[in-house]
Amino acid sequence: MRRSVIVRSVVALGLAGLPLFAQERSRVPRERHSHDEAFKMADAYIVSNLQESLGLTDEQFVKLLPLVKKLQTDRRELALRRKRALSDMHRMLENGSGTEAQLGELMEQLRGAEDAEPATIRRDFEAIDAVLTTVQQAKYRVLEAKLEQRIREAIVRARQERSEDRAQREQ
Numbered sequence: 001m002r003r004s005v006i007v008r009s010v011v012a013l014g015l016a017g018l019p020l021f022a023q024e025r026s027r028v029p030r031e032r033h034s035h036d037e038a039f040k041m042a043d044a045y046i047v048s049n050l051q052e053s054l055g056l057t058d059e060q061f062v063k064l065l066p067l068v069k070k071l072q073t074d075r076r077e078l079a080l081r082r083k084r085a086l087s088d089m090h091r092m093l094e095n096g097s098g099t100e101a102q103l104g105e106l107m108e109q110l111r112g113a114e115d116a117e118p119a120t121i122r123r124d125f126e127a128i129d130a131v132l133t134t135v136q137q138a139k140y141r142v143l144e145a146k147l148e149q150r151i152r153e154a155i156v157r158a159r160q161e162r163s164e165d166r167a168q169r170e171q
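Here the sequence shown is numbered in the numbering used here, starting from 1 and rising by one per residue.
Now the structure itself:
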């Protein structure tokens, strides 16, 4: 009983920010919005399933939640760094404006994100694993795999919606 109260409280706190998110949505480009939406969905999925799926004690849940949020934040930041560098390179290459030095700097940024990712994620998982039993670690990895699948599905849906929107505008 107490576990579900904690989970509901955490989810409610997260959902309390949704009206502000909806207002901000109109000012954010659609592609950025769909990525933000996917990340928010991922966070909500993990939080809402974490305690029950892993069979966590209240103490474990309190310790684990910030570690899981750190993992999600680190993933998001590294993906964003990589995406920004690639996007800037693409733009420069498409319009022919990129100098050797500018593209070199972007390549360094890209390599930096790619190099940092494995060590950062491994450190985050080690911190998570330190709070969990072996069985809970296995359950967490399965939960992560389900989350990755949901994110892929959300991205596919967002791309389909954008494609449908473009097709409707062209008619």
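All C-beta atoms, glycine included, are put in the ideal place defined by N, C-alpha and C.
None of the values given here were measured: they were computed from a predicted structure.
(request) Give the DSSP-derived three-state secondary structure of Leu103 in the structure shown. (result) Here DSSP, grouped into helix, strand and coil, assigns Leu103 to helix.
(request) Following the continuous alpha helix (DSSP H) through Ser87, name the residue where it begins and the one where it ends. (result) Its alpha helix (DSSP H) spans residues Asp58 to Asn95.
(request) Would you mind working out which of Leu80, Arg162 and Gln72 sits nearest Ala113, comparing C-alpha positions? (result) The candidate whose alpha carbon is nearest that of Ala113 is Leu80.
(request) Please confirm if the segment 140-154 is in contact with the segment 46-57, defined as three or more CB-CB distances below 8 Å between the two stretches. (result) Three or more Cβ pairs closer than 8 Å define a contact, and the segment 140-154 meets that threshold against the segment 46-57.
(message) For the alpha helix (DSSP H) containing Thr134, name the first residue and the last one.
(response) If you look at Thr134, you'll find it in the alpha helix (DSSP H) that goes Thr134 to Glu170.
(request) Can you say whether Glu24 is buried or exposed, counting buried as having 16 or more other CB atoms within 10 angstroms of its CB? (result) Annotation note: pLDDT 38 at Glu24 (below 50); position unreliable, coordinate value reported separately. Exposed, because fewer than 16 other Cβ atoms sit within 10 Å of the Cβ of Glu24.
(message) By the three-class DSSP mapping on this structure, what secondary structure does Gly112 have?
(response) Judged by DSSP in its simplified three-state form, Gly112 adopts helix.
(message) Assuming Met89 and Leu106 are in contact, meaning their beta carbons sit under 8 Å apart, how far apart are those beta carbons, in whole angstroms?
(response) So it is a contact: roughly 5 Å between Cβ atoms.
(message) On the CB-based measure, 16 or more other CB atoms within 10 Å of its CB, does Ile128 come out buried or exposed?
(response) Buried, by the Cβ-count rule.
(request) May I have the straight-line CA-CA distance separating Asp43 from Lys69, to the nearest angstrom? (result) Cα to Cα, Asp43 sits roughly 8 Å from Lys69.
(request) Report the residue from Asp36, Val62 and Glu37 whose alpha carbon sits nearest the alpha carbon of Leu132. (result) The residue with the shortest Cα to Cα distance from Leu132 is Val62.
(message) Do Gln109 and Leu54 have their beta-carbon atoms positioned less than 9 Å apart in this structure?
(response) No, the pair does not count as a contact, with Cβ atoms beyond the cut-off.
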